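A.B. asks:
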Amino acid sequence: MSWAGPEDVYLSTSLASYLDKKLLVLLRDGRKLLGILRSFDQFANAVLEEACERVIVGELYCDIPLGLYIIRGENVVLIGLRERGTSPTYDSCL
């Protein structure tokens, strides 16, 4: 059995700065989730509150509400902070 080293802990501790903030999460299957990070663990499993999936087709986008959403860490490609007051560059929301 191997124990987690400092490099394994770095990922989860860096997520601590994102707690209670609005995030964009990009998943391996290409889905884009938006929500507030409420919890995470050492495997980057995360819980998003007020989550929605953003679907983009051409110049249009739509947000599908999901509510409270649990994300398995191995499916996460990217987690980024959403800036307040910024709107998407797409033409319109359906």
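Position 23 of the sequence shown, counted from 1, bears residue number 23 in UniProt numbering, the numbering being contiguous throughout.
Cβ coordinates follow ideal geometry from the N, Cα and C atoms, glycine included.
For clarity, every value in this text was computed on a predicted model and none was experimentally measured.
1. Are the CB atoms of Y61 and G35 within a distance shorter than 9 angstroms?
2. Since G80 is in the beta strand (DSSP E), which residue starts that stretch and which ends it?
3. Is it buried or exposed for L48, if we count other Cβ within 10 angstroms and need 16 for buried?
4. How far does the beta strand (DSSP E) with S39 in it extend, from its first residue to its last?
5. Among the candidates V77, G73 and G30, whose CA atom is the shortest distance from the CA of V57?
6. Compare the beta carbon distance of I64 and N45 with 9 angstroms and say whether it is the shorter of the two.
7. Helix, strand or coil, according to DSSP, for L15 in the structure here?
C.D. replies: Taking the definition as stated:
1. Counting from 1 along the sequence shown, the entry for residue 35 is found at position 35. Counting from 1 along the sequence shown, the entry for residue 61 is found at position 61. Result no, Cβ atoms of G35 and Y61 do not sit closer than 9 angstroms.
2. Numbered from its first residue, the sequence shown carries residue 80 at position 80. Its beta strand (DSSP E) spans residues V76 to L81.
3. As a position in the sequence shown, residue 48 is number 48, starting the count at 1. By the neighbour-count rule (16 or more Cβ atoms within 10 Å), L48 is buried.
4. For the purposes of this step, residue 39 is taken as the residue at position 39 of the sequence shown. S39 -> beta strand (DSSP E) spans K32 to F40.
5. Mapped onto the sequence shown, residue 57 falls at position 57. Here the closest residue by C-alpha is G30.
6. Start at 1 with the first residue of the sequence shown, and residue 64 comes out as number 64. Start at 1 with the first residue of the sequence shown, and residue 45 comes out as number 45. No.
7. Numbered from its first residue, the sequence shown carries residue 15 at position 15. L15: helix per DSSP, three-state reduction.
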